[in-house]
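Protein chains: 4
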Amino acid sequence: MVINMAAGASEAELQHIIERVIECGFQPHVTRGAERAIVAAVGSGGSRAALEALKAAPGVEDVVPIAHPFKLVSRQTRSERTRVAAGGVVIGGEDAVVIAGPCSVESREQIFATARGVKAAGASLLRGGAYKPRTSPYDFQGLGLEALKLLREVREETGLPVVTEVMSTNDIELISEHADMLQVGARNMQNYDLLRRLAKAGKPVLLKRGPSATVKEWLLAAEYLLAGGNPNVVLCERGIKTFETETRNTLDLAAVALARELSHLPVIADPSHGTGRRDLIAPASRAALAIGADGLIIEVHPCPERAMSDGAQSLSLEEFARLMNGLAAPLRPVASLCAAEA
Amino acid sequence: MVINMAAGASEAELQHIIERVIECGFQPHVTRGAERAIVAAVGSGGSRAALEALKAAPGVEDVVPIAHPFKLVSRQTRSERTRVAAGGVVIGGEDAVVIAGPCSVESREQIFATARGVKAAGASLLRGGAYKPRTSPYDFQGLGLEALKLLREVREETGLPVVTEVMSTNDIELISEHADMLQVGARNMQNYDLLRRLAKAGKPVLLKRGPSATVKEWLLAAEYLLAGGNPNVVLCERGIKTFETETRNTLDLAAVALARELSHLPVIADPSHGTGRRDLIAPASRAALAIGADGLIIEVHPCPERAMSDGAQSLSLEEFARLMNGLAAPLRPVASLCAAEA
Amino acid sequence: MVINMAAGASEAELQHIIERVIECGFQPHVTRGAERAIVAAVGSGGSRAALEALKAAPGVEDVVPIAHPFKLVSRQTRSERTRVAAGGVVIGGEDAVVIAGPCSVESREQIFATARGVKAAGASLLRGGAYKPRTSPYDFQGLGLEALKLLREVREETGLPVVTEVMSTNDIELISEHADMLQVGARNMQNYDLLRRLAKAGKPVLLKRGPSATVKEWLLAAEYLLAGGNPNVVLCERGIKTFETETRNTLDLAAVALARELSHLPVIADPSHGTGRRDLIAPASRAALAIGADGLIIEVHPCPERAMSDGAQSLSLEEFARLMNGLAAPLRPVASLCAAEA
Amino acid sequence: MVINMAAGASEAELQHIIERVIECGFQPHVTRGAERAIVAAVGSGGSRAALEALKAAPGVEDVVPIAHPFKLVSRQTRSERTRVAAGGVVIGGEDAVVIAGPCSVESREQIFATARGVKAAGASLLRGGAYKPRTSPYDFQGLGLEALKLLREVREETGLPVVTEVMSTNDIELISEHADMLQVGARNMQNYDLLRRLAKAGKPVLLKRGPSATVKEWLLAAEYLLAGGNPNVVLCERGIKTFETETRNTLDLAAVALARELSHLPVIADPSHGTGRRDLIAPASRAALAIGADGLIIEVHPCPERAMSDGAQSLSLEEFARLMNGLAAPLRPVASLCAAEA
């Protein structure tokens, strides 16, 4: 931390800060400029929050953090990339992994048809919501236990490991019995009670980025899981809220590259929620792989216009198969100058 | 809902939509323009989500909602304003109500000193965190039960009803025994599991707006509480996330007026989190009252620079007393043209 | 500036930075921590941009600014508040000033009716667009010179000084002959060519904040005017772009207080563009005065539903008169604890 | 447009709207629901702005646009993709095109070294600023005419066509003599005076998206150029402003795909400004091509740490060469289920 004294701060105010920095468990290093002094708090044993509170001390203009606040998720702590296995499928290995399936499990027919279709097209894991976080209490909230049972059945038939969302700490045990990977939805990214308990659940976790979470806040949410004892965390960028209204969210693909640079955890992308438009999901999927994503999670439904949730952004099985084929195509070639002149 | 057909949609595609609108429980009314047709889905018995999924049907360009999706929180359902009583103090009545206290309960001395000070300055309720949602797992997480006990003691002495945050569904019962009003923090605004259980808790709820929640999403979160059986909900605007970095959040004061217009629930403002700067809290408090807020919630600490959380945005007791005095001052007078010419 | 070395930076990399800081015209002060070193660049004679480029040097993690980059607009340069006179009306004095009028000048009848009406209601200056920045080239672009002539006539009759927008450097001279104050619209806040020429125009300038400008960027735009020789600048907060869609923009009222704290220039608010909703303009106007605004600028039209631009956010003359009356009402009183207990 | 009447609107209010819709040049089609009526305004000859103003009429709750407001830039007007030739290089053809060069032209040595280097690495056009829009008036503002002359010289030697920014309408003629393509910077995207004159300049235009412009606003800015007579427009996504602070902007890659879907104009991406971080430029460049960008524009400097502007986001010549090589690499392969099981 650097404590930036105000231009007119007195010597007594500066001395007070120096003493407080020591009290907080750091060594103070003072630099006196022509107009103002700055105090660098050096060391790692003390309390960052205590230093931040010094912003309230007289004569202080600002307190500026220097180092990143996360530890276990950082590549400075662990330089090799983490591989997370979910039901035998490895996320974060050489190849990218595709998770696909409906927003919600709606019926036996629907989930079996989807699972068979996405497997045939090359998906490695199945997604499907049993408990759904819905903006309105009057919208379909998921089939609950019935959906969990169907997911287990369909996994047995297809061999596809299952990812499903956990909304309540009371459901963790039950869902863990039926699913291979537990998803924390974007709206629960900072539900610390849920994170703390998932840290003890013994299952890999798919942690979605909150719609207004900075990359740092996202990594600190993952830090709760690692600090609590669960190293098997996959990060998922799913779009952030911005002023743009043509897309449901703004898919922050640079954040995928950045999260992989700052952290050793695998990072996947969700172009379905990230764009909210069926026409953009395939190109956004290609872009996600190009920027380094370890995988994709995509909403697929046998009949999107009859989906009970997220139909507008769900691909049909045919569309999904086309998307998968498109992932193998090379990037658009770059014109060389000679070619242009020819 | 209005279903906007694409410019080149075929007659068969239009007929399909007409049939689907009927299936969804609405009456279709078709308007054929020169370039495109639109289908209005009329009625209220059907499923909005089912209509929205028609965006995925062939020939559809967009599905545009017309009516607001909330019911019980709406002024169309209840025209008189709701008054919420918390420990005998009414929020939403004639007068504005001030809730004040520290971010976290840290010690007996700290919470008693704060409670006595804010009461003397005119606060009507005491705030204080026992369980704290913190961005980093390494930051102070609150004293828990010990803090609850202190809050109960200080309430007995001062008579100030107590507001404190609930982070976990497992704590609802315990906290309800100690506090008069249960706060849902901004990060948990869409923690629907928590909302559903708070709807049954029998205590008034202070519902903070999420940092990236639209006013509609905020009201729909309140709808979960009312639909679940709890009519005693107070809304709290506490700033939204924007690109501005000089303030911690952007306090959306127009949202206070808007929420009071759309809903009958009381709405208060949190200028401490809304600005994150001690110098802006007093002017923002005045502005909140001027725009119609039913109250304020303000962070106060006997010694902000030693606060274990949010010190940078906490007022000292002296600063808080000055703020309260300033709330009685009239608005800046407006120059009449004559005066300017004189 | 503080140059934050990376955790693994070598001694040679650190020495290189020390030399470069000296080359850039600053004195380097090094603090060595357990994990990393930081270099503070002290002094004010050198180039900030050159220091910022050091982010590209090997071993550097970040370059963090400490001081604010603006000078002439800062209260550190001038502690007394600036008063700007526009056609005899002082903005930034004891009393708040109200500027009112239509979005666009549409006809003699319209502008005369509006001017008489807003004057009678207490406005001190008249606004009215002659050249309109419109998102679409197919929308009404203003009456141009004809509008300027009407504004001059109406000023002669009513005595109301006139504010109008300048979109083109080629129009500055012409508009200066007809108007008392030149407005820089939000979309042109960083049109530096326009700012540089307005600095020489000899007229006061109303500088609107860009819809995505930080307070710092806004003040730096004003700095262009002051550095170019024009000290008569009034800042105008008119709402920023956020994810909220119920309001046209998010009126950032805390920015009014902040800009007045950082700068000596007067700051007014535009609740018409800031909210885009007629029902919110009056409460937002009260809030603006409560937070310290030096004035308001409000769109008024004799028949809003027939306005050629911005009708949806224009007040009728009756509504405007009501708004003006409402500005004198006191703030909502705060309940004392005793009252609540009684 | 659809005019959504309020729930309690009277029959007289509805009749008034019907008459006004006809006056505005449209045919009204009324749908009466249980709670409210909606009026669809059909036709294309009338004034959209006049319809929008009906939001101010009594009994109206909202006016909702149905069709997109742009015409000439739309793929509905022109289905084949536009190819724009700049100095002989075609943008929007089969191959992607790379534009590279320094933020500012600083010296003969600098611009010649950069041009030779980027040409050798495969760039097809040279960028370089002569007139620079800078947030602070105290920062380097560009070499002006001297820079233009250097760009012309370096073009003669290398054969690379030149792109440079126009900030002032007064410079259009001069810059047109020296450059092959004129850039409109992000801050000037809605400088309509500049757009109108560039429509007549006879040179292709590179139109950057404003940092807070929606895709619609961006396309409408291009509409000014096409409507004014210039069909040679290339759109450039360069990042938007969001709450994320780790990157300078948020590169909205989905907007590249969306703009190409809505419009026939070529769309390129600027990962240098879009991310502001040298470590993210190469992966973001790959992602831009993967999502369908017609090209890239990248900042390159022979010695980034000594750049007079944007050094922190400029690549060295070596880094740029590596980036170009990386553009040919295939996408990360997708694991098939079998592989995962093996």
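Chains as they are written, first to last, in my numbering: chain X, 1441 to 1782; chain G, 1441 to 1782; chain U, 1441 to 1782; chain S, 1441 to 1782.
All residues carry an ideal CB built from backbone N, CA and C; glycine is no exception.
Just so you know, these numbers come straight off a predicted model, no measurement behind them.
The alpha-carbon of X:H1713 is positioned some 17 Å away from that of X:W1658. The straight-line gap separating the alpha-carbon atoms of G:P1468 and S:G1448 is approximately 22 Å.
Closest in C-alpha terms to U:L1638, from the list U:A1662, U:V1602 and U:L1565, comes U:A1662.
Taking 8 Å as the CB threshold, G:V1500 stays off the interface with chain S.
In this structure the region 1521–1528 of chain G does not lie against the region 1485–1494 of chain G, because fewer than three pairs of beta carbons, one per stretch, are closer than 8 Å. U:A1587 is a Cβ neighbour of U:A1570, given a cutoff of 8 Å. Contact between G:T1604 and G:K1559 does not hold, since the beta-carbon distance rounds to 17 Å and is not under 8 Å. Rounded to the nearest whole angstrom, the C-alpha separation of U:E1593 and U:A1553 is 13 Å. The C-beta of G:R1772 comes closer than 8 Å to at least one C-beta of chain U. Considering only U:E1684, U:D1734 and U:A1694, the residue with the shortest C-alpha distance to U:T1715 is U:E1684.
With respect to chain U, the C-beta atom of G:L1647 has no partner C-beta closer than 8 Å. Close partners of S:S1484 in chain G (Cβ separation under 9 Å): G1473, A1474 and E1475. In the three-state scheme derived from DSSP, where H, G and I count as helix and E and B as strand, X:M1621 is classed as strand. In the DSSP assignment, U:E1739 falls within the unbroken beta strand (DSSP E) covering G1735 to E1739. Exposure of G:A1474 is indicated by the presence of fewer than 16 other C-beta atoms within 10 angstroms of its C-beta.
Rounded to whole angstroms, the separation of the alpha carbons of S:T1471 and S:F1760 is 60 Å.
Per the Cβ contact rule, the region 1746–1753 of chain X is in contact with the region 1567–1584 of chain X (3 or more Cβ pairs under 8 Å).
Taking the Cα positions, S:D1535 is about 22 Å away from X:L1763. According to DSSP, residue pairing for U:A1526 in a beta bridge involves U:V1529. Of the candidates U:V1513, U:A1733, U:L1512 and U:L1634, U:L1634 places its Cα closest to the Cα of U:N1610. G:Q1467 has G:V1482 as its beta-bridge partners, per DSSP.
Proximity of the region 1690–1708 of chain U to the region 1677–1696 of chain G meets the contact definition, three or more beta-carbon pairs being nearer than 8 Å. Taken atom to atom, the span from the alpha-carbon of X:Y1632 to that of G:P1773 is near 48 Å. Neighbourhood of S:F1683 in chain X, by CB distance below 8 Å: S1652, T1654 and I1680, in chain order. Taking all protein chains shown into account, G:P1498 has fewer than 16 neighbouring C-beta atoms within 10 Å of its C-beta and is therefore exposed. Collapsing the DSSP output to three states places X:D1692 in coil. Bounds of the beta strand (DSSP E) holding S:L1675 are V1673 to E1677. The CB of U:L1588 never comes closer than 7 Å to any CB in chain S; the least such distance is about 16 Å. Annotation: U:G1465 to S:Y1578 spans about 15 Å, alpha carbon to alpha carbon. Boundaries of the beta strand (DSSP E) harbouring X:A1709: V1707 to A1709, taken from the DSSP string. Residue contact check for S:V1442 against chain X: no CB pair falls below 8 Å. Interface annotation for the region 1535–1550 of chain G against chain U: D1535, A1536, V1537 and V1538, criterion Cβ-Cβ distance under 7 Å. Against G:E1453, chain U offers no close residue; the least beta-carbon distance is about 29 Å (beta-carbon pairs closer than 9 Å). Note on S:D1719: under 16 other CB atoms within 10 angstroms of its CB, so exposed under the neighbour-count rule. Here the alpha carbon of U:V1513 sits roughly 6 Å from the alpha carbon of U:H1704.
Within chain X, the residues whose beta carbon sits less than 7 Å from that of U:Q1516 are A1447, listed in sequence order.
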